[in-house]
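See structure below.
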Ligand SMILES: Nc1ncnc2c1ncn2[C@@H]1O[C@H](COP(=O)(O)OP(=O)(O)O)[C@@H](O)[C@H]1O
Ligand SMILES: [Mg+2]
C-alpha cells in the first residue's frame, strides 16, 4: 500500500482571491511579517499497488485527469510506502 | 525570508464528504486501487523573519487561531529558509 | 515597425490605412494594439452594427437604450430598472466554473455603472447532450460557477433556461442577464464629463489577464511575459461585492459624474468610451495604475482585462471623499489621470507620452461592414418534411413521460436550487414558473422577467424563430401578470464571415424586430457573440431574449400551478395542425426538422392582452403558456407545480393526436378560472377576439386527458409519476 | 426596543433583516459596522447571512476576528440576545460562542429551498411563541450547513435542550430524507447553555411576509420581541 500526498496549487500567474483575503486578515491580526499567501489543496490517497513506479504513473494520471484543473492549477506529489 | 508550507486536514474522526466524492469519481474512472481519499488545504506563506524558531512560533499561532479550525481540523507545517 | 504587425493583431489592410490617416502618421505598437482591440468585432460590432439598426429601440418608458452600458426603463414612482444580457461562451468552454463566474461578474458591473443596485440575475444556457461526460463536466462547472458568483454577491438568481442539443456540444452557451433598480435621478452615465475632472481606477489590481484578445505573437512582448499570461481569469466575487457597495455609496453621495466598468479592452475601452461619449479627451498615466505583477509594460496595462475593476470620474475636488469611501470598504482607489478638452486619449508613462489617439477614433470610427449573405440550402428540405409519414406511437402516456423526462423539458430544479434565488427578499415568484417575479419595495409594484430562445426554431426558420423568441419571452412575463415593457437580447451565432450564418443573423434580427415592434417591447440593450463554432460546425443560431414586464399591483401576480379543486381550465388560443421542429419529433423520432410553428403577431398580441385583462379583473387564478412539448406538457407542469390533478376533454377536429397533445402552436395560454366565472371568461375572450375553449377542470391526483372520437382516456398519469419523471430527470443524469 | 445588525464585508442579508425588523415588526434597527468597537444600547444583536470575506478559507473564519466581535462576545457573555443566521451562525461557531463547526454540505453543492423545522425547545427567547414540536417552514441557502460536533458535546447539547431546530418533514418527522446537508442529528439551530445565543442555518427573515410564500419566520422575530417585553 502507498500513501500519495498530492499538492495542487494555483499556477503562479493566476489570481488567488482566497490567499489575498487571508493575507489581509493576517495583517489585520498583526502578523505584519506575512508577505504573501497562496492557498491550494492537499490530498491524501491510500493506494493499493506493488511498486512505486506503477503507482506513481497512476497518480500522475489521476492528477492530470481529475484532481487538478490543468487550465489554472499545477500539481506535485510524493509517494510513501505504508504497511497494510 | 521563510516559506511556511502549511497542511490543514480534517481530523480523522470527521467525515470528509469531498474526499468521499472524489474517491467515488476515481473508482468510476477505473482507478479501483484507490482505497481512500482525504482532502485538505495546502498553504504557502512567505514570511519575513530572522530565525526559524520565532517564525515557527508565529506560524503555529496563525494556524491555531485562523488557518485551521481546531474543532474539525488539524495542521502541520514546514519552514524553509529562502533567499529574498 | 515590423511590417504587417497589424495583421497579426487582427486588423485588416483598409483598417490599418485608415488608422494611419486618422493619426496622420504610423501608429506605434501600443496605439496599434489599442486600435486592434477597440476595432475588434467584440468591441466595435463592425459586422453586426448595420443589422442591429433594425431593432426598435424607442418607447415611452425608455430612458436610455443601446449604446450605454445597459438600457434603462421607467417604471413609475420615480424609479427605473436597468438591464442587459451578456455572453461568456468561449471562456466557459475552456474553464466552465471560472468562465461562467466571471461572466456573471461582468454583467453585474454593467448594471452597477449605471448607478443601479443589481436586484436579480438570470441565465440562459446551452449544452450538448448529457450522456457525454465532458458535457456533464461543463454543465456542472457552469452552474456552480454562476451560483458561486451570484450567491456570494447577494444577488438572487431568479430565472433562466437550459437546453441540451448536440449542436452545442463543442460550444456551450452561457448568457447572463442582470437587472438593477434605481431612483431615476441617480442614473449615472458612462461619460467623462467636465474638463479637469479626475479619472480614478478602483477595485482590483491590474494583472496580465486576458491580453491576447486581438493580438498574439510580437516582438515587443517578451516570451517571458507571454508565458506569464493566464489563459483563464479567476473571479473574485468578494472583491466585487465590496466594489458594488462602494460604487453605490459614492454615486448616492453625488460625488461622481460618470462611471464605467472595465470589461473587454480594459483601461483602453473604459477611457476611450467615457471620453468619447462626452466628446472630450483624457490623459492618463500607466505609472499610477496599481499592479498585481511586476514588470508590466504600458501595452499590457492598457489592454489587461483583469476583473473587478471600475473607472470612476468624480467631480474635481471630491477625490479625497471618494478615496475615503473606497477605503472604508477596504478597496484601492487611485487617480490615474484627468479629463481634457482636446478629444485625445493620451497615455503617459511618467512624463513619456506612450500613445495619443483621438478617443472617438477608437470608439466611433471603425469601418462598418456588410458581410456577404446567402440563404442556406437545407431550409427547403426541412420545410417540405412531412411528419405524417411517421408511425404514431400507441401509448401516449409513455410519450408524455418521455417528454417530461427529456432534459430540455425536465425541471431545472437541479440548477436553480444551487442558486440563492431569495436573497434581498423580493422574489415573489421563484424559479420554476413561467417568469420570476420581484416585488419593488416601497411601491405596490413588481417586475417579472424571463429569458427565452429556441435555437432549433431559428435554425429551421430564422425569421420565425426570432419572432417566437420575443413572443414567448413576452408571453411568459404575461403569464406572471406583467405587461412586457422592454427587452434585452444576446445573439449567439457561428462565424459571420460565412454567408449562410450572416443570412441567419439578419433574418433572426428581422423576426425579432417585427415581434418587438408588434408587442411594444423595445430593445434597450444586448450583446452579440459570433464564432460559436467547433470542428463539428456552427451552433444553431441562438438569439436569447431577456424580457422584463411590469406588474402595477402586486395582487396581480400569478404563477403556473393549478390552484383549487373545481377551477375551470381554459385554453386561450387555438391549436393548429403543427408538429414541425417540435420536441415530440426530437424525443420520439430523433428528428430535428420540419416547418416551425407559425407565429401570427396579431393573434399573439390579442392573447397576451386578453390574459392580462383577465388577470387584472381577477378572473384568472393561474396561467401557463404552451411552449416546448405542447399542451400536454404544459398541463402536466401546471399539475405538478400546483400539486393537484386535472380532467381534460379535448376536441380532435382536423388534428392528429400528436399535434393536439404535443404540437407547439404559438400564442396559447392555459388559464384557470373560478367555476362560477365561465361566462365572464368566454365573453372577455370574445371581446378580445381570441378563440378560447373550456378544456377541463382542476381536481384529483391524476392528469386525465380524453379526446373526442376515442372512448378511452388517452392520458392517465398520476402526479407522482409525472413528477418523478420531470423533477428527477436531470439529477439522475448528473449522479 | 432596538436591534443591532452587524455588517461584515460580504454580508448580504443585512438589509433583509433590517427590512423585517423595521417594516414588518415596526421596531428600530441600526447597522453596526464591523470595525466598530461597541454594541451598547441594543436589545438584540443579529449577525446576518451572507458571505463575509467571501467565505474564503472557511465560512465565518475571518469575520470572527472583526473588531466588533469582541464587543459582541462581551455582550453575549453578559446575557444579551445574539442571533446568528446562516453565515452569522457560522461566525458564532468560529468565534467559539457556540459549540461545533460547519462542514461543506454532503451534496457538495449550495442548496437553496424551503425546509421544515421542528421546534425542539420552545422555552428560548427565539421560540417562546411556538408550541412544543411545532413545525415551521423556513428556507435555507448555504453551502456549508453540515453541522459537526464531537460526541460528548453533542450529548450535552441534546440533554440540556440546546438543540432548538431540527430539519424534518412537513409533519415533523425527523429522518435522513429531510436532512438537506448531512448535519448531525438533523440539527438546524442550537443555542449556548444559557439560551441567549442562537445560531440557525435557515433564514427566518425570508419568510416573514405574505408575499414571500410563508410567514413562519416571523414567529422567531416576534418571539424575541415578546421575550424582551416580558422580561422588562
Ligand atoms: N438556468 C436556469 N436558472 C434559473 N432558473 C432556471 C434555469 N433554467 C430554467 N429555470 C427555471 O425553470 C422554469 C422553467 O423553465 P423553462 O422550461 O425554460 O420555461 P418556459 O418554457 O416557460 O420558458 C423557469 O421558471 C425558469 O426560470
Ligand atoms: Mg413558459
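Residue numbers (the working numbering), protein chains in the order written: chain A, 488 to 571; chain B, 488 to 571; chain C, 99 to 833; chain D, 40 to 271. Even for Gly, the Cβ is constructed at its ideal location relative to N, Cα and C.
Closest by C-alpha distance to residue 223 of chain C, out of C:350, C:233 and C:229, is C:233. Within the region 521-551 of chain A, the residues whose Cβ lies closer than 7 Å to any Cβ of chain B are, in chain order, 521, 522, 523, 524, 525, 526, 527, 528, 529, 530, 531, 532, 533, 534, 535, 536, 545 and 549.
Under DSSP, the beta-bridge partners assigned to residue 357 of chain C are C:410. If you draw a straight line from the Cα of residue 86 of chain D to the Cα of residue 43 of chain D, it comes to about 9 Å.
Contact between the region 490-500 of chain B and the region 551-562 of chain B is present: 3 or more CB-CB pairs across the two stretches fall below 8 Å. For residue 461 of chain C, the closest alpha carbon among the candidates C:808, C:440, C:338 and C:372 is that of C:372. Residue 189 of chain D is not bridged by DSSP to any residue. For residue 555 of chain B, no alpha helix (DSSP H) segment is defined, and its DSSP state is neither H nor E. A residue is called buried once 16 or more other Cβ atoms fall within 10 Å of its Cβ, and residue 490 of chain C, having fewer, is exposed. Contact annotation: in the region 501-520 of chain A, residues whose CB is within less than 9 Å of a CB in chain D are 504, 505, 506, 507, 508, 509, 511, 512, 515 and 516. Contact fails between the region 652-672 of chain C and the region 558-573 of chain C, because fewer than three Cβ pairs, one in each stretch, are under 8 Å apart. Of the residues assessed, residue 476 of chain C falls on the exposed side of the cut-off, its CB having fewer than 16 other CB atoms within 10 angstroms. Distances from the CA of residue 346 of chain C to each of C:286, C:445, C:602 and C:240 were compared; the closest alpha carbon is that of C:286. In this structure, the straight-line span from the alpha carbon of residue 821 of chain C to that of residue 813 of chain C is close to 15 Å. Assignment of residue 600 of chain C by DSSP, reduced to helix, strand and coil, places it in the helix class.
Bounds of any beta strand (DSSP E) do not take in residue 833 of chain C, whose DSSP letter is neither H nor E.
In this structure, the straight-line span from the alpha carbon of residue 336 of chain C to that of residue 251 of chain C is close to 7 Å.
For the region 537-625 of chain C, the continuous alpha helix (DSSP H) assignments of 4+ residues that do not extend past its boundaries occur at 553-558, 560-577 and 597-617, in sequence order.
The Cβ of residue 562 of chain B sits no closer than 8 Å to any Cβ of chain A. Residue 441 of chain C is a Cβ neighbour of residue 457 of chain C, given a cutoff of 8 Å. Excluding residues up to 5 positions away in sequence, 233 and 235 lie with their Cβ nearer than 7 Å to the Cβ of residue 118 of chain D in the same chain. Here residue 660 of chain C is buried. Its C-beta has 16 or more other C-beta atoms within 10 Å.
The alpha-carbon of residue 193 of chain D is positioned some 52 Å away from that of residue 284 of chain C. Sequence-distant partners of residue 519 of chain C (beyond 5 residues in either direction) whose C-beta falls short of 7 Å from its own C-beta, in its chain, are 254, 255, 256, 525, 528 and 529.
Taking C-beta separations shorter than 7 Å and ignoring five residues to either side along the sequence, the partners of residue 526 of chain B in its chain run 503, 505, 506 and 509, following chain order. Considering only C:267, C:167 and C:666, the residue with the shortest C-alpha distance to residue 192 of chain C is C:267.
Here the alpha carbons of residue 635 of chain C and residue 595 of chain C stand approximately 14 Å from one another. If the five residues before and after residue 291 of chain C are omitted, its C-beta is found closer than 8 Å to the C-beta atoms of 355, 356, 376, 378, 411 and 437, all from its own chain and listed in chain order. In this structure residue 176 of chain D touches residue 255 of chain D by the C-beta definition: roughly 5 Å separates them, less than 8 Å.
Residue state for residue 561 of chain A is assigned as strand, using DSSP reduced to three classes. Residue 225 of chain C has C:262 as its beta-bridge partners, per DSSP. Fully contained in the region 125-201 of chain D are the following beta strand (DSSP E) runs of length 3 or more, in chain order: 140-142, 150-158, 174-181 and 185-187. By the Cβ-count criterion, residue 55 of chain D is buried, with 16 or more other Cβ atoms from all chains shown falling within 10 Å of its own Cβ. Any Cβ of chain C closer than 8 Å to the Cβ of residue 151 of chain D would place that residue at the interface, and such an atom is present. If the five residues before and after residue 174 of chain D are omitted, its C-beta is found closer than 8 Å to the C-beta atoms of 155, 156, 157, 158, 207, 209, 210 and 211, all from its own chain and listed in chain order.
Contact of residue 495 of chain A with chain C is not assigned, every C-beta pair being separated by 8 Å or more.
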